[in-house]
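In order, the protein sequence lines correspond to chains A and B. Just so you know, we're using our numbering here: the first sequence kicks off at 1 and counts up by one. Just so you know, we're using our numbering here: the second sequence kicks off at 207 and counts up by one. Even glycine gets a Cβ: it sits at the ideal position worked out from N, Cα and C.
Protein chains: 2
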Amino acid sequence: MILYGERNPAPNPRRVRIFVAEKGIDLPETRVKMRDREHKSPEHRARNSLGQLPTLVLDDGTAISESVSICRYLESLHPDPPMFGRNAVEAARIDMWIRRIEFQLMTPVGMFWRHAHPLTAALLTQFTDFGESNRELYARACGWLDRELAEGGPFIAGGDYTMADIVAQTTVDFAAFTGLALPEDATALRAWHERVSARPSAEAND
Amino acid sequence: MILYGERNPAPNPRRVRIFVAEKGIDLPETRVKMRDREHKSPEHRARNSLGQLPTLVLDDGTAISESVSICRYLESLHPDPPMFGRNAVEAARIDMWIRRIEFQLMTPVGMFWRHAHPLTAALLTQFTDFGESNRELYARACGWLDRELAEGGPFIAGGDYTMADIVAQTTVDFAAFTGLALPEDATALRAWHERVSARPSAEAND
Numbered sequence: 001m002i003l004y005g006e007r008n009p010a011p012n013p014r015r016v017r018i019f020v021a022e023k024g025i026d027l028p029e030t031r032v033k034m035r036d037r038e039h040k041s042p043e044h045r046a047r048n049s050l051g052q053l054p055t056l057v058l059d060d061g062t063a064i065s066e067s068v069s070i071c072r073y074l075e076s077l078h079p080d081p082p083m084f085g086r087n088a089v090e091a092a093r094i095d096m097w098i099r100r101i102e103f104q105l106m107t108p109v110g111m112f113w114r115h116a117h118p119l120t121a122a123l124l125t126q127f128t129d130f131g132e133s134n135r136e137l138y139a140r141a142c143g144w145l146d147r148e149l150a151e152g153g154p155f156i157a158g159g160d161y162t163m164a165d166i167v168a169q170t171t172v173d174f175a176a177f178t179g180l181a182l183p184e185d186a187t188a189l190r191a192w193h194e195r196v197s198a199r200p201s202a203e204a205n206d
Numbered sequence: 207m208i209l210y211g212e213r214n215p216a217p218n219p220r221r222v223r224i225f226v227a228e229k230g231i232d233l234p235e236t237r238v239k240m241r242d243r244e245h246k247s248p249e250h251r252a253r254n255s256l257g258q259l260p261t262l263v264l265d266d267g268t269a270i271s272e273s274v275s276i277c278r279y280l281e282s283l284h285p286d287p288p289m290f291g292r293n294a295v296e297a298a299r300i301d302m303w304i305r306r307i308e309f310q311l312m313t314p315v316g317m318f319w320r321h322a323h324p325l326t327a328a329l330l331t332q333f334t335d336f337g338e339s340n341r342e343l344y345a346r347a348c349g350w351l352d353r354e355l356a357e358g359g360p361f362i363a364g365g366d367y368t369m370a371d372i373v374a375q376t377t378v379d380f381a382a383f384t385g386l387a388l389p390e391d392a393t394a395l396r397a398w399h400e401r402v403s404a405r406p407s408a409e410a411n412d
């Protein structure tokens, strides 16, 4: 089994790296250099027709892409500690939170990066006004998540650190890399971010 | 257990309705009228702070939102026929396909609806040029999915009809509602669409 990934700040490969560190899994990783466009090469497209990272290739050649799907598979091999829930209700709630983070937080961050960041301007046609409008969407989503954490917490899906935290943590850190900081007054969200950033897995980088 | 949903063309409530029809589950559904903004009412926000549909409320009051997460929970109660895979590899591959459909197809459809459709113009500030650019993104994503189905198929994740088909079917049908048709030359994708539309579950509407 080989993981094809990339170093930070690429947020999706980082999700798997944090997950693997939390589980204590020894997973060989091959770097695919995005700066050299290796992820768009025929070799990598044979693993993932979308030319995206990360991709996990099993010993029989089966390829699994999408960070969360890869972690879901690894959870079946290494159930402890559980990161996708201990029963059906927990699993559904964690899945809900993963999706909420993707759609409420990661979508505006991705759109800001895609349409307003100078580093992507050279590669792609941008709609800058639209791109800039995602600053407010991200801030609003952070405000919502802050209220949720103030009422619930200490982690995204409740009492336990789960895959939803990894998805949120990599999103918030990538947002900061693109220039989108957490709102000053989002105190519960900031406390959560300090909490997850203090875990050794936050430093995982291959 | 009560499902709070909405009628067609709302794509997310429809996903659960198709799933329930495929499984033969008898699930009471309460309609939350989006036209009357009932989904943004305090009553519904108490179930789902984002004011979105659908939400499943369990007998103990636990609320599960997000169409796919609701179906994942229902699968645990009604495992047959399996719609999220029969083993860990299938589950990961189906999860991957669900995410690919959400990000590659549903995102441009949602952005087109949000930023270029006259029905949302009255409610929201639109970036129309950006919105219109999603026509091409959707067409390109359909071309990619068409090639995948031509090589694989007959269903999205391979040989079996799964949750990935439901996510794709509701996306393609909602796209058509917004004015985004399947490309004429996407013959494998069109054949797949006829295949899933011929199933009795496609007509499920409460």
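Look up residue i in the DSSP assignment and say whether it is helix, strand or coil.
{"i": "E235 of chain B", "result": "strand"}
{"i": "S76 of chain A", "result": "helix"}
{"i": "P368 of chain B", "result": "Pro is not the amino acid found at residue 368 of chain B; the sequence shown has Thr there. Three-state result, T368 of chain B: coil."}
{"i": "S271 of chain B", "result": "strand"}
{"i": "G110 of chain A", "result": "helix"}
{"i": "I208 of chain B", "result": "strand"}
{"i": "T261 of chain B", "result": "strand"}
{"i": "F103 of chain A", "result": "helix"}
{"i": "F361 of chain B", "result": "strand"}
{"i": "S407 of chain B", "result": "helix"}
{"i": "A374 of chain B", "result": "helix"}
{"i": "R37 of chain A", "result": "coil"}
{"i": "A387 of chain B", "result": "coil"}
{"i": "P118 of chain A", "result": "helix"}
{"i": "M289 of chain B", "result": "coil"}
{"i": "L124 of chain A", "result": "coil"}
{"i": "P189 of chain A", "result": "For clarity, residue 189 of chain A is Leu in the given sequence; the question names Pro instead. Helix."}
{"i": "R7 of chain A", "result": "coil"}
{"i": "D379 of chain B", "result": "helix"}
{"i": "D60 of chain A", "result": "coil"}
So residue i contacts chain A; which residues on that side make the cut at Cβ distance below 8 Å?
{"i": "T268 of chain B", "result": "V89, R93"}
{"i": "E272 of chain B", "result": "D95, M96, R99, R100"}
{"i": "S275 of chain B", "result": "A92, R93, D95, M96, R99"}
{"i": "W350 of chain B", "result": "S49, L50"}
Whose Cβ in chain B lies nearer than 7 Å to the Cβ of residue i?
{"i": "Y138 of chain A", "result": "In chain order: nothing, as chain B lies at least about 15 Å away."}
{"i": "D129 of chain A", "result": "F333"}
{"i": "S133 of chain A", "result": "F333"}
Tell me which residue opens and which closes the beta strand (DSSP E) that residue i is part of.
{"i": "T253 of chain A", "result": "Nothing about residue 253 of chain A can be reported from this structure: the residues present for chain A run from 1 to 206 only."}
Is residue i near the ligand GDP, in the sense that its beta carbon is under 7 Å from a heavy atom of that ligand?
{"i": "M289 of chain B", "result": "As far as ligands go, the structure on display features none, and thus does not contain the ligand GDP."}
For the alpha helix (DSSP H) containing residue i, name the first residue and the last one.
{"i": "K229 of chain B", "result": "217 to 229"}
{"i": "R251 of chain B", "result": "248 to 253"}
Strictly below 7 Å CB to CB, what residues from chain A border residue i?
{"i": "R278 of chain B", "result": "A91, A92, D95"}
{"i": "E354 of chain B", "result": "S49"}
Which residues in the same chain as residue i place their Cβ atom closer than 8 Å to its Cβ, once the five residues preceding and following it in sequence are excluded?
{"i": "P28 of chain A", "result": "M1, I2, L3"}
{"i": "G5 of chain A", "result": "P13, V16, R17, E29, T30, R31, V32, L53, P54, D206"}
{"i": "L50 of chain A", "result": "S65"}
{"i": "R114 of chain A", "result": "T120, L124, Q126, G131"}
So, does the CB of residue i fall closer than 8 Å to a CB anywhere in chain E?
{"i": "S76 of chain A", "result": "In summary, chain E is missing from the structure at hand, where the protein chains are A and B."}
Output needed for residue i: all residues of its chain with C-beta closer than 7 Å, excluding positions within five of it in sequence on either side, in chain order.
{"i": "E281 of chain B", "result": "M289, F290"}
{"i": "E132 of chain A", "result": "A116"}
{"i": "I25 of chain A", "result": "L74, H78"}
Please list, in chain order, all residues of the same chain as residue i whose beta carbon is under 6 Å from its beta carbon, the five residues on each side excluded.
{"i": "Y161 of chain A", "result": "F155"}
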